[in-house]
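Please read the structure below before turning to the comments.
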Amino acid sequence: MANIRPFRCIRPNKEAAPVVAALPYDVYSRQEAKAVVAKNPQSFLAIDRAETQFDDSVDLHDLRVYEKARTMLNDWIAQGVLLEDEDEVYYIYALTMDGRTQTGVVACAAVDDYLNGVIKKHENTREDKEQDRICHVDVTNAHTGPIFLAYRADRSLSKRIAQITAQEALYDFTAEDGIRHQVWKVADAADNAFIREHFAAMDAVYIADGHHRAASAVKVGLRRRAANPGYTGEEPFNYFLSVLFADEELMIMPYNRVVQDLNGLNKKDFLAEVEKRFIVAKAEAPVQPENSRHIGMYLDHGWYELAARPEIINDDPVRGLDVSLLQDYLLAPVLGIADPRTDARIQFIGGIRGLAELERLVDGGQAVAFSMYPTSIAELFAVADAGLLMPPKSTWFEPKLRSGLFIHKLV
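Counted the way our numbering counts, the sequence shown spans residues 594 to 1004.
Here's what the structure looks like:
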């Protein structure tokens, strides 16, 4: 039973929404974030990455950075840039990219569901990456970036959502990157009850993107429980901001890999090692794999297609993933990348950047790049249902949810 509840939302006024809405905090470097905020001081990135308000001598994790985020959040509310709704309701959030629309329910998910496994995970998190968001949530007293959750499609729920989205939108704008964003407030009590009941009938929902934000939100919730031993479970800190999408509407793009050297091998010896585990064929054009068990490789100004040999194919939910085949049978044994989470020799490149980015990096000094077939949502669910974890950087979801459109206060 998934406890997915409506909430009292803080959100931009209608005129400010297109200006405030920002890509997630973690897609930018410090300098990139500063450039965005310099161009648009009302971007929510100014709050999500409040180090943009300081010179580079101030550490990213300095307490002053988080205190500045809290001050700015409260100031924007006081100035009317952000509004505080009085009622607890759901919102519907639709994103349209290249003619394809995915429509989600904006809500709060339960800390207890994360702890007891109703909210299922497929990736490990790193404590160092969690710590920043723990401090941000704790000091600002708010969840400012929603966690991207997925669920198995429910026809009657989809139908009700479609009826709501046939009405006039609260927000409707197209961002600079061409993504259209539409938001509806679910004002009708019967609609809110219907949505809550349908989520309550689900055995599980899944983290699609935002594992670190989810883990951080849960840890702050547990801190608040420890500080308030008489908590009832109804307090806002027992829930965290989420947007939930039906699986059939989602698109996962590949997460490609680039490695800086051939681990001491020359080109001939490297290819010979690869051929022990993959069938290697020279390609006349850039290779974007069209099937699983196939991987593209760019090496020395040329493309190759790699097909997994039958003896390395595995039906295990994790070991059978294309990213696992690459890791277990090429990156680790041939290139010496034993732990891709910590090895500085490997870069992960989101599929949104295309194959030209892989060529640019290798032509510019990296040694080899690999283009992947995207992991499917069914594979993600299978891994999570088995209680297993994918290799890092297995999925790249597009379009990205915007921060600043929905804010959930912890008090």
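Even for Gly, the Cβ is constructed at its ideal location relative to N, Cα and C.
C-beta contact flag for residue i and residue j at 8 Å
{"i": "V613", "j": "Q635", "result": "yes"}
{"i": "Y891", "j": "A786", "result": "no"}
{"i": "Y848", "j": "S622", "result": "no"}
{"i": "Y966", "j": "S885", "result": "yes"}
{"i": "P985", "j": "P926", "result": "no"}
{"i": "I603", "j": "K1002", "result": "yes"}
{"i": "E723", "j": "K812", "result": "yes"}
{"i": "R850", "j": "I939", "result": "yes"}
{"i": "F647", "j": "V630", "result": "no"}
{"i": "L616", "j": "I640", "result": "no"}
{"i": "V674", "j": "P611", "result": "no"}
{"i": "R753", "j": "P599", "result": "no"}
{"i": "I930", "j": "A900", "result": "no"}
{"i": "L951", "j": "I942", "result": "yes"}
{"i": "R995", "j": "M844", "result": "no"}
{"i": "G738", "j": "Y618", "result": "yes"}
{"i": "V699", "j": "V836", "result": "yes"}
C-alpha distance - residue i paired with residue j, whole-angstrom precision
{"i": "D912", "j": "T664", "result": "In the sequence on display, residue 912 carries Arg and not Asp. The straight-line gap from Cα to Cα measures roughly 47 Å."}
{"i": "M594", "j": "V776", "result": "27 Å"}
{"i": "K713", "j": "H805", "result": "13 Å"}
{"i": "E991", "j": "E866", "result": "35 Å"}
{"i": "F741", "j": "E828", "result": "22 Å"}
{"i": "E679", "j": "A780", "result": "12 Å"}
{"i": "E720", "j": "A702", "result": "22 Å"}
{"i": "T733", "j": "E660", "result": "7 Å"}
{"i": "I905", "j": "V880", "result": "21 Å"}
{"i": "N907", "j": "L688", "result": "36 Å"}
{"i": "F918", "j": "T968", "result": "Note on residue identity: the sequence assigns Leu, not Phe, to residue 918. Answer to the nearest angstrom: the Cα atoms are 12 Å apart."}
{"i": "Q624", "j": "K632", "result": "12 Å"}
{"i": "F637", "j": "A628", "result": "13 Å"}
{"i": "A793", "j": "V711", "result": "11 Å"}
{"i": "N709", "j": "V916", "result": "28 Å"}
{"i": "L948", "j": "S964", "result": "7 Å"}
Simplified DSSP assignment, three categories, for residue i
{"i": "L688", "result": "strand"}
{"i": "T694", "result": "strand"}
{"i": "Q775", "result": "strand"}
{"i": "G889", "result": "strand"}
{"i": "P926", "result": "coil"}
{"i": "K752", "result": "helix"}
{"i": "R912", "result": "coil"}
{"i": "V546", "result": "Lying before the first or after the last residue shown, residue 546 is absent from the chain, which here runs from 594 to 1004."}
{"i": "N849", "result": "strand"}
{"i": "P882", "result": "coil"}
{"i": "D680", "result": "strand"}
Cutoff 8 Å: residue i Cβ touching any chain C Cβ
{"i": "H894", "result": "No chain C is part of this structure, which consists of one protein chain only."}
Would you check if there are 3 or more beta carbon pairs closer than 8 Å linking the segment 825-841 to the segment 744-755? The segment 825-841, when compared against the segment 744-755, does touch it at the 8 Å Cβ threshold.
Suppose only complete runs of 4+ residues qualify. What are the alpha helix (DSSP H) ranges in the segment 933-1001, listed by chain order? Listed in chain order, the complete alpha helix (DSSP H) runs (minimum 4 residues) inside the segment 933-1001 are 947-956 and 970-978.
Can you list, in chain order, the stretches of the alpha helix (DSSP H) that have 4 or more residues and sit fully within the segment 627-664? Fully enclosed alpha helix (DSSP H) runs of 4 or longer: 638-641.
Please list the segments of the alpha helix (DSSP H) lying wholly inside the segment 696-729, counting only runs of 4 or more residues, in order along the chain. 704-709, all fully within the segment 696-729.
Runs of 4 residues minimum, wholly inside the segment 762-815: which ones carry the alpha helix (DSSP H) assignment? As for any alpha helix (DSSP H) of minimum length 4 sitting wholly inside the segment 762-815, the runs are 782-793, ordered along the chain.
Kindly confirm or deny that the segment 852-863 and the segment 759-766 touch, where touching means at least three C-beta pairs closer than 8 Å. These segments do not touch.
Whole alpha helix (DSSP H) runs in the segment 817-868 with 4 or more residues, listed along the chain? Runs of the alpha helix (DSSP H) spanning 4 or more residues and lying entirely within the segment 817-868 occur at 860-867, in chain order.
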